[in-house]
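Q: Chains A and B, in that order, give the protein sequences.
The end of the first sequence is residue 177 by my numbering, with every number in the run present.
The end of the second sequence is residue 1100 by my numbering, with every number in the run present.
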Amino acid sequence: MLSIHLILFLAFGAIAVAGAVNLLVQTHPINSALSLIAVMAALAGEYLLLGAEFVAAVQVIVYAGAIMVLFVFVIMLLNAGVEERTKGSRVAILLGIPGMLVGSLLVAWVVLKYSGTQSVPVGALPGAPRTIGPLLFHEFLLPFEITSILILIAIMGAVVLASKPTTAGGPAKKVHD
Amino acid sequence: MVPLSYYLVLSGILFACGVLGFLIKRNIITIFMSIELMLNGVNLSFVAFAAHWHALAGQVFVFFVMVVAAAEAAVGLAIIISVYRTRETLNVDQVNLLKL
Chain A
1 MLSIHLILFL AFGAIAVAGA VNLLVQTHPI NSALSLIAVM AALAGEYLLL GAEFVAAVQV
61 IVYAGAIMVL FVFVIMLLNA GVEERTKGSR VAILLGIPGM LVGSLLVAWV VLKYSGTQSV
121 PVGALPGAPR TIGPLLFHEF LLPFEITSIL ILIAIMGAVV LASKPTTAGG PAKKVHD
Chain B
1001 MVPLSYYLVL SGILFACGVL GFLIKRNIIT IFMSIELMLN GVNLSFVAFA AHWHALAGQV
1061 FVFFVMVVAA AEAAVGLAII ISVYRTRETL NVDQVNLLKL
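1. Among the candidates F73(A), A57(A) and L78(A), whose CA atom is the shortest distance from the CA of G45(A)?
2. For the region 1044-1053 of chain B and the region 129-140 of chain A, state whether three or more C-beta atom pairs, one from each stretch, are separated by less than 8 Å.
3. Cβ atoms of V1065(B) and L1039(B): under 9 Å apart, would you say?
4. For L1008(B) and chain A, any beta-carbon pair shorter than 9 Å?
5. What residues in the region 1066-1077 of chain B bring their beta carbon closer than 8 Å to a beta carbon of chain A?
6. Checking 9 Å against the spacing of the C-beta atoms, do V1062(B) and S1011(B) come in under that value?
7. Just mark T1086(B) as buried or exposed, buried being the case when its beta carbon has 16 or more other beta carbons within 10 Å.
8. Would you please verify whether the beta carbon of G170(A) is less than 9 Å from any beta carbon of chain B?
9. Check T98(A) in the structure and name its three-state DSSP category.
10. Measure from the C-beta of L1098(B) to each C-beta in chain A and report whether the shortest distance is under 9 Å.
11. Can you tell me whether Y114(A) is buried or exposed? The criterion is at least 16 other CB atoms within 10 Å of its CB, across all chains shown.
12. Roughly how many whole angstroms lie between the Cα atoms of A20(A) and K87(A)?
13. Pick out whichever of N1027(B), M1001(B) and A1069(B) has its Cα sitting closest to the Cα of R85(A).
14. Please classify L1090(B): does DSSP put it in a helix, a strand, or coil?
15. Alpha carbon to alpha carbon, how far is K173(A) from V1060(B)?
16. State the Cα-Cα distance for the pair I155(A) and V72(A), rounded to the nearest angstrom.
17. Cβ of V60(A) less than 9 Å from any chain B Cβ?
18. Taking only beta-carbon atoms, is L142(A) less than 9 Å away from chain B?
19. When the Cα of T131(A) is compared with those of L105(A), E53(A) and E83(A), which residue comes out closest?
20. Alpha carbon to alpha carbon, what distance is there between C1017(B) and L106(A)?
21. Taking Cβ to Cβ, would you say I67(A) is nearer than 9 Å to P29(A)?
22. With a CB to CB cut of under 8 Å and the five nearest residues on each side skipped, what residues in its chain are close to A64(A)?
23. Using a Cβ-Cβ cut-off of 9 Å, state whether R1087(B) counts as contacting chain A.
24. Please tell me whether R85(A) has its Cβ less than 9 Å away from any Cβ of chain B.
25. Would T162(A) count as contacting chain B if we go by Cβ distances under 9 Å?
26. Can you look up V82(A) in the DSSP assignment and give me helix, strand or coil?
27. Nearest chain B C-beta to G13(A) closer than 9 Å, yes or no?
28. Just to confirm my understanding: we take G13(A), look at its own chain, exclude 5 residues before and 5 after, and list those with CB closer than 6 Å. What are they?
29. Compare the Cα-Cα distances from L78(A) to each of A1074(B), G1076(B), A1073(B) and Y1084(B) and report the closest residue.
Structural data, given as structure tokens:
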């Protein structure tokens, strides 16, 4: 029997898997980036089905919004073209696709065989920001504060790495061969 | 009511697609996007387990994974820009020397 929850799960799951496969098939990075955005939007729908409203909102804002915009900016900045195939990549395709199919089928079979009939109901847990907030600011306060330091270090590292090499003999001077 | 195993299988498929992309892609930016796909697959299983065990901490873990992914994306893309500036290619097969 197909409940509306199961239908929505299958629809979002089909979008996610189709986007992931499209990411592999496409040769131009901008197409891969757009299909990854589709995967992330579909996963936000899955999170909403599980009742995780806060995570769904953060998924759309941070992942599909911020991180993927960064990716698209870099693709346009570097003017990335169609990737060329080499001998090594053909070997990786020949070995990788059958291996990955066998591995994922094995995992799916084991999970489905030994899972029993446990199921996750609609809106299973209160994932609203009102319930996440106290958890984040009481139990997980120290990791939360440490992430701010991590972000600060990441910003400084990105600025240092991506800044133009200085011409007056600075540390990031380009070496000529 | 969707069984927990369906969520785990979907998460496994997404993770497998990420691993496969990491192996077969030759553009360094696409390889980086495959890593993000793997992180997304893991996040889905985190949220599904959180819903199954009624443990909200799982959603907080997803939040931390996203924060680390954002930091990783910023630094990684800066490294890609730096690599492109010195090598003038994005193909990982041609980036095979530590020396400039």
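For each residue, glycine too, the CB sits at the ideal point set by N, CA and C.
None of these values were measured; they are calculated from a predicted model.
A: This is what the structure holds:
1. A57(A)
2. no
3. yes
4. yes
5. M1066, V1067, V1068, A1069, A1070, A1071, E1072, A1073, A1074, V1075 and L1077
6. no
7. exposed
8. Per-residue confidence for G170(A) stands at a pLDDT of 49, beneath the threshold of 50, marking its modelled position as unreliable; no derived number is given.
9. With the sequence shown as reference, residue 98(A) is identified as Pro, and Thr is not the correct amino acid for it. Residue state, collapsed to three classes: helix.
10. no
11. exposed
12. 24 Å
13. N1027(B)
14. coil
15. Residue placement at K173(A) is flagged as unreliable, the pLDDT there being 49, under the threshold of 50; the coordinate-derived value follows with that caveat. The alpha-carbon atoms of K173(A) and V1060(B) are separated by roughly 42 Å.
16. 18 Å
17. no
18. no
19. E53(A)
20. 15 Å
21. no
22. I37, M40, A41 and A44
23. no
24. yes
25. According to the sequence provided, residue 162(A) is Ala. The question's Thr does not apply to it. Interface residue, yes.
26. coil
27. yes
28. none
29. Y1084(B)
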